[in-house]
Amino acid sequence: MAKGKKRADKANLTHNANGHTNGHNGDVSTAITTATDSDRRVHGNVDGDGRVNINGNGDIVSNNGSDTNGKSNGSSGTLSSCSSSDSIAALSKSAANAPPPMYRAIRFFFKMCLHSFYSNVEVEGIENIAPDGFPAILVANHSNSLTDAIAVLSTVPPKSRSMVRLTAKDTFWHKPGIFNYIIKSAGTIPIKRRKDYDNQAVDNTGAMSALTDSLGTGSCVCMFPEGISRYHPQLAPFKAGVALIASDVLSRFHDKPDFSLTLMTTSINYLHREKFRSDVVVTFHSPIVLTPQQDTKLYSTDKAEREQAIRKLTELLENSVRSNLLDAQDWETVRIGHTARKLYAGDLGTRISLGQYVKLTRKFVTAFSQHKQETVDTKGAAAVSVGEAGEGGFYDHKKKGDSLDMKQPGKMNPDTAEKIDRLAQDLAEYQDQLDFYHLKDYRIKQGKPLANVLIGKLFQRFLLACLLSTICIPGLFLWAPVFIAIRYQENQLRKKGPLEDNLDEIAQYKLMIATFFLPVIWGFWVLVTLPLALITGPAIVILMWLTIRWLEDLIHNAKSMLSLLRLLFMTQDTMFSLRDCREELADRVHEFAVQYLKLPEDPEDLVKENQTMKANSGCFWKTFLDGSHYSYNDIPDLSGKVAIVTGATGDVGYATVVALAAHGAHVFLACRNRVKAEEAIERAQADILQLQFDYPHAHHHRYAYSDDKKQLSAPKLDFLELELSEMHKARASAQVFLDMGLPLHILICSGGIKSRDFELTDDGYENHFGINHLGHFAFTTALLERIRESAPARIVILSSMAHELPPSMKAIDFKSLRAESTKVKNNCVRYGQSKLANVLFGKALARRLRNDRVYVNMLHPGCVESHIMKDMVKADKVEPMMRWWGHHLWLKMAYSVRDAALTPLYLAASPEIEDKDIRGKYFIPIANELRPNPISDSVDLQEELWAYSEKAARGDNKV
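958 is the number that numbering that gives the first Met the number 0 gives the last residue of the sequence shown; the numbers go up by one with no jumps.
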């Protein structure tokens, strides 16, 4: 299969109402509102070659800033390039995409600092990160200076993206120093900024050209198109740098039909960023994928057309980032949004995620912002909600069933506007009263306890404060240099101007100071206690970490004591007045939330949604332990359906056959040994009867039985000879079935092996890969046309959790498939390689069948008490300890064969698969969706495997 088809399913740009991507016939977007030049801060024109230019600040300027090749002279705002020829030259080398040791060290250390100084760091949408090998630009808001880069660098999983290049001002390359050395050694891109050169014109031609070459080799670059870092409630209008770079990249590689550029928009929300141990939410949105074939307007020779496309792409990026930010015109709107959220769902506390907390608050903030804007400007919708085009609008980045997805209401009528205005005023006044008395909303809701109860609680908290203060003393001695330096720097920054203008710098210096002092403090005390360094080394780290947590509890405890003291001296009349005000406001907020914002009547429904999101969050063990989402009672009547199950005589395959036949399907047992198959068919008669007795309320096909339980009408079970180790025999077996003239509604590929030694199949391929993948590839593709004709149909491919074990950075070592490889010695890794091939094959097949009613999905059946596992435990080459572990623990914890069959049965028979259009997904027991190894998302690798398998199926020994 030619590589020209790669990424064909992703070669789209715009998002539809469900947050998916749609084609757009070459335009960047046909569904967003085009802003004026003054709104966008994007001015300028296109040069004679049809190229739009930008200056060092990221603005589009006149055509005097482009070189003869039409390359852009600038970047996005603060991300600008360098005169360091060595750093720039290194960008264009493909080897430069491998993270240098300094980058790995910085990423590790930044991650430690981020989690030390921020209490909760929540990441959403990791599945939207383009994997290694895909040219990508990560686009994020820039509200917290250096901390933004640290947040991005720390939250992108190395398994998904081994390296994300950052950018820095080129003056770092001109000065000595440890910090400068670290920046230069971490693969950072040097950018010139006008403000560093007395606002003179700067030339970033070399850096931009090298950056374009680097993207062509599959790099990922992080950029912040706001152009400045600032503590402000509203996102700054994006500059055009990212769009222009994307334009140049597409222009450079327009002759490559398989090229695409992924734009990964990211929203970073800091909650009280200036405070110690605050929270961070990082959200990666659905990617925007550009291709030279689909997005021709971005590099059109027509000046007006190209300029408009760049403007629209810039707006598209801004709206995507804005879609998950607490974005308002002023801090007062954010404040009353928080107050409204507490009145509506304050009882939920930590039972909802930080992401839901942000989305819920954002619903209120957006509504109040829209009202304010419509009051001031009668021309249109609120500036803060640009891009959230109403119900079913452009930016519904959502998962099904999420009540918090933005559904922008239409223009308010006068009555509604008046109600919202009064509500906003009353919320502000209520919050003013809370601030005056220094109380939280939940204290008012609970009311004032009796005096003796308050005194008792105060005494308890006093004792806790004494305990926490005592145990914190040793750790505070270690932390003292950090806290003193941070406090000094904070005081200096506060003198520079209004606090809100400097809070982002305060947060930045907090991390920078910690980054410098922590290793110094640790090294100093390790040297002081050198004879005991093996003990004190880890002990210092543990003590400092525990001190942070204890100090956090001490601060919360102190705040609680102050609140209790205020309650103690508050009069009952004041409390009653506040409670009455709160109850009346809570009713109005609830009515507003349900009727206008379309939030659930019962806020507890948000907790249920949070539990569902956690179950599908991508963590294997969380999902694994979540329990069963499918049972034998859920299997529908399958009368009239024809199914083929490979590996049908063993364990999961056999249990699947029994269940399908018990529900009326005509099942073919596709396996090598006729004797075993006939024995299985005979045994299945009794097992079908037993299944019907065990699940009397299931939708079984009611076979007739006599009073003594003898079967009078038999289920339809037939043998189909299938040899998976030889591809021509697998195709011949498919032809035998095709000659019968029967439809094929269900194909379950469950056959497989896990041998202990390296062997070759009769076709000359490594045994695991040949049987587990190539045999099924030949068999399935030979049946594909019949399956299409029989739609709706299902193809279910059994993989394994072992697919997480790639043998190399390429994931599949194709050189090891014909001979024993020096790189892939481990048999478990060889097995994992074949199981990864199952996932890649399933995804590639699902993509090819996306326009048909044929649903292809993959699964891990679970740790099954199967004959393969039992043989492994008994194997002579297994170490005694591992054999004991396998016998006493693994097999004891394993699923029964009947339960293990439920996941393939769900994918083969459940109406949900068709109703929800579930394709190309990966599941684990029981019927839980899970994101597979990110490597499997690589369309390049899928297509490479498909092409290799096609050649192998044709008998091409030169593969």
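Where a beta carbon is used, it is the ideal one built from N, C-alpha and C, also for glycine.
Exercise. Whole angstroms is fine: what's the gap from S789's alpha carbon to A843's?
Key: 20 Å
Quiz item: Per DSSP, what kind of secondary structure is H231 in: helix, strand or coil?
Solution: coil
Exercise. Within its chain, find whatever has a CB closer than 8 Å to the CB of D326; leave out the 5 residues flanking it on each side and keep chain order.
Key: P232, Q233, L234, R361, V364, T365, S368, V383
Exercise. Report the residue ranges of all beta strand (DSSP E) runs contained in full by the region 252-302; include only those spanning at least 3 residues, in chain order.
Key: 260-270, 277-283, 287-289
Quiz item: Ordered along the chain, which non-local residues of its own chain (more than five positions away) have a Cβ less than 8 Å from that of V735?
Solution: L719, E720
Practice problem: Quick one: give me the first and last residue of the beta strand (DSSP E) that C221 is part of. | Solution: 219-222
Practice problem: For K158, I'd like the list of residues in its chain whose CB is within less than 7 Å of its CB, leaving aside the five on either flank, ordered along the chain. | Solution: P933
Exercise. Please name the residue, chosen from S749, G240, L214, that lies closest to F223 on a Cα-to-Cα basis.
Key: G240
Quiz item: Among E942, E911, K753, A792, which one has its Cα closest to the Cα of V838?
Solution: E942
Self-check item: Backbone secondary structure at P100 - three-state DSSP
Solution: helix
Practice problem: May I have the straight-line CA-CA distance separating Q293 from T300, to the nearest angstrom? | Solution: 16 Å
Exercise. Could you check how far apart the C-beta atoms of T902 and L858 are, in whole angstroms? I think they sit under 8 Å.
Key: 5 Å
Quiz item: Leaving out five residues before and five after R918 in sequence, what residues of the same chain have Cβ atoms less than 8 Å from its Cβ?
Solution: A845, L848, R849, Y854, V855, N856
Quiz prompt | C-alpha gap between A951 and F840, whole angstroms | solution = 14 Å
Self-check item: One or two residues paired with D717 in a DSSP bridge
Solution: F667
Exercise. Mind checking which residues open and close the beta strand (DSSP E) that includes V120?
Key: 117-123
Self-check item: Of the residues L567, A557, I512, F568, the one placed nearest I483, counting alpha carbons only
Solution: I512
Quiz prompt | Distance between beta carbons of G861 and A899, contact taken as under 8 Å | solution = 5 Å
Quiz item: Taking contact to mean at least 3 C-beta pairs separated by less than 8 Å, is the region 637-657 in contact with the region 729-745?
Solution: yes
Quiz item: How about P714 and V666: are their beta carbons less than 9 Å apart?
Solution: yes
Quiz prompt | Environment of L596 [buried if 16+ CB atoms lie within 10 Å] | solution = buried
Quiz prompt | Three-state class that DSSP yields for Y947 in the structure shown | solution = helix
Self-check item: Per DSSP, the bridge partner or partners of N927
Solution: I923
Quiz item: Using the beta-carbon count (16 or more within 10 Å), is T546 buried or exposed?
Solution: buried
Practice problem: Return helix, strand or coil for L637, following the three-state DSSP convention. | Solution: coil
Quiz item: Excluding five sequence neighbours on each side, which residues of the same chain lie with their C-beta closer than 8 Å to the C-beta of F516?
Solution: P480, V481, A484
Exercise. Excluding the 5 residues preceding and the 5 following N127 in the sequence, name in chain order all residues of the same chain whose CB lies nearer than 8 Å to its CB.
Key: M263, F283, H284, S285, P286
Quiz item: According to the neighbour-count rule (16 or more other Cβ atoms, all chains shown, within 10 Å of its Cβ), is N766 buried or exposed?
Solution: buried
Quiz prompt | Any 3 or more C-beta pairs closer than 8 Å across the region 431-450 and the region 564-582 | solution = yes
Quiz item: For F482 and chain B, any beta-carbon pair shorter than 9 Å?
Solution: Structure shown: chain B not included; a single protein chain is present.
Quiz item: The alpha helix (DSSP H) spanning T655 covers which residue range?
Solution: 650-661
Practice problem: Rank A781, F768, S799, R897 by C-alpha distance to the C-alpha of F813 and give the top, closest one. | Solution: F768
Self-check item: Pairwise C-alpha distance: V357 and L210
Solution: 35 Å
Quiz prompt | Cβ neighbours of K341 in the same chain (closer than 6 Å, five flanking residues each side left out) | solution = D440
Exercise. Closer than 8 Å by C-beta to P910: which residues in its own chain qualify, once you throw out the five before and the five after it? Chain order, please.
Key: P635
Quiz item: With distances taken between CB atoms, is the gap from H772 to S833 smaller than 9 Å?
Solution: yes
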